[in-house]
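Per our numbering, residue 617 is the first one in the sequence shown, and the count goes up by one each step. Take a look at the structure set out below.
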Amino acid sequence: MMTTARRIDRPTLWLGLGAALAMAMTALPWLFGPAGKVTGAGSAPAAPSAMGAPSALPPLEDLRATRAQPLFAADRRPLPGAAPASPGYELIGIVGVGRDRRALIRLATGTLVLAEGDRLGEWVLQSVEIERIVLSRAADRLILSIGSRTPAEFRGVSPTRGGSQ
Numbered sequence: 617m618m619t620t621a622r623r624i625d626r627p628t629l630w631l632g633l634g635a636a637l638a639m640a641m642t643a644l645p646w647l648f649g650p651a652g653k654v655t656g657a658g659s660a661p662a663a664p665s666a667m668g669a670p671s672a673l674p675p676l677e678d679l680r681a682t683r684a685q686p687l688f689a690a691d692r693r694p695l696p697g698a699a700p701a702s703p704g705y706e707l708i709g710i711v712g713v714g715r716d717r718r719a720l721i722r723l724a725t726g727t728l729v730l731a732e733g734d735r736l737g738e739w740v741l742q743s744v745e746i747e748r749i750v751l752s753r754a755a756d757r758l759i760l761s762i763g764s765r766t767p768a769e770f771r772g773v774s775p776t777r778g779g780s781q
C-alpha cells in the first residue's frame with residue numbers, strides 16, 4: 617500500500633506558522649516570571665515586600681465630603697459655585713484666495729470673518745496660515761488650529777477693524 621504525500625500550499629503554511637508563533641508568544645507570560653525565571657507549581661510566590669507595600673488609606677474622618685456626596689448616588693450634583701468654564705470662540709475655517717486669507721470664527725451670536733491685522737478685543741490677528749491662526753497681545757501669542765476654542769477671556773469682544781459679522 618503506497619501513501620501519497622499531501623502537498624501544502626505556501627499561504628496555508630505561513631498562516632499555520634504564524635498561528636503557532638502567536639500561540640507560543642501568548643503562553644510566554646505564564647511560563648516565565650518578570651525576571652525570566654521559570655515559574656510553576658514548584659516555585660514559591662514572591663514575598664509581599666518585593667511586590668511593594670499597599671498604600672495606606674486615609675482615616676474616615678478625612679472623607680466627610682465623600683460620605684456627604686457619594687460618588688455613585690443618583691442625586692449627586694457638582695458643588696455650588698463650581699460652574700463649568702464656558703468655551704470661547706471657535707476657529708471654524710480659513711478661506712483664502714491667493715495671498716488674501718480670512719479666518720472664520722464662530723461666536724455665540726454668529727460667525728466673524730477676520731483678516732490679518734484685525735483686532736479681537738486686546739488681541740491682534742498676526743497671521744492666517746493654512747490650518748491655524750496666530751493671535752498676539754503684547755508679548756503673548758496664541759495659536760488656534762481649526763476646530764480649537766479660545767479661553768473664555770475672549771467672550772464679549774468684537775473686532776475693531778475690517779471684520780464683519
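C-beta: ideal position from N, C-alpha, C; glycine also.
As assigned by DSSP and simplified to three states, the class of residue i
i, result
"G632", "helix"
"V713", "strand"
"R753", "strand"
"E738", "coil"
Nearest residue (CA-CA) to residue i, options the options
i, options, result
"I762", "L751, L707, D691, R623", "L707"
"S764", "R735, W739, R722", "R722"
"Y705", "I746, F688, T725, R626", "T725"
"V740", "T727, I746, A755, E747", "A755"
"A681", "S671, R692, A672", "R692"
"I746", "W630, G712, L633", "G712"
"R753", "L633, M641, L736", "L736"
Per DSSP, the bridge partner or partners of residue i
i, result
"A731", "R718"
"R748", "S761"
"L707", "I721"
Closer than 7 Å: residue i CB and nearest the ligand PLP heavy atom
i, result
"P645", "In the structure shown, the ligand PLP is absent, as is every other ligand, since no ligand is present at all."
| request: Check whether the segment 709 to 719 touches the segment 729 to 749, taking contact to mean three or more Cβ pairs, one atom from each stretch, closer than 8 Å. | output: yes
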